[in-house]
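To keep things clear, I will list the structure first and then write my remarks on it.
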Amino acid sequence: MVWRKGSKAALSSHFVLLRVRLAGRRPKPADDGTIPLTWLIAQWPDGEDGPVKYWISNLPAGIPAKDLVRLAKSRRRIEHDYRELKTALGLDHFEGRSFTGWHRRVTLVTATHLFLTEQRTCPKAPARA
């Protein structure tokens with residue numbers, strides 16, 4: 002299954018998708034008292050004896066397999082955004098002592114990140130030559 006197009010070629014692998022009930026760590030039961038079903042996603046690349054990466058997801062049962070794999074493999078994008086929030090936008094510079102101050106800082110950094118992302122994806126003005 003191909004989950005995204007890379008810079009050189011499409012990124013693909015084999016995946017096993019199963020609905021399982023989690024055991025241990027005190028799973029939170031559903032309203033009827035049963036343990037809800039979750040997704041177990043396992044990546045099994047060519048040439049390997051067994052799966053090499055695993056994910057657990059609580060997404061609904063009707064989600065397409067391609068979307069489930071794409072979301073599981075989106076870790077790189079999340080880490081990139083977090084690194085940008087910390088370094089470029091100053092999330093890690095907060096030295097306050099109150100929850101209110103921290104909440105304001107996170108809100109402003111998040112709003113700034115949204116603005117910059119929007120500008121990158123849909124620029125309104127043409128770029129200079």
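Take 2 as the starting number for the sequence shown in my numbering and just add one per residue. Note that the Cβ used here is the ideal one computed from N, Cα and C, for glycine as well.
Query, Result
"According to DSSP, residues forming a beta bridge with F1", "Residue 1 is absent from the structure shown; the chain starts at 2 and stops at 130."
"F16 - partner residues in DSSP beta bridges", "Q44"
"Residue burial classification, Q44 (beta-carbon count within 10 angstroms, cutoff 16)", "buried"
"Straight-line gap, G34 to L69 (C-alpha atoms, nearest Å)", "26 Å"
"T39, DSSP secondary structure in three states", "strand"
"Beta-ladder partner(s) of V21, from DSSP", "T39"
"Close beta carbons around R77, own chain, < 7 Å, minus the five adjacent residues each side", "none"
"P52 to F95 span [Cα, whole Å]", "41 Å"
"Range covered by the alpha helix (DSSP H) that runs through V70", "A66 to A73"
"Between the CA atoms of D32 and K1 - distance to the nearest angstrom", "Only positions 2 to 130 of the chain appear in the structure, and residue 1 is not among them; the question remains open."
"Whole-angstrom distance between K6 and D93, CA atom to CA atom", "32 Å"
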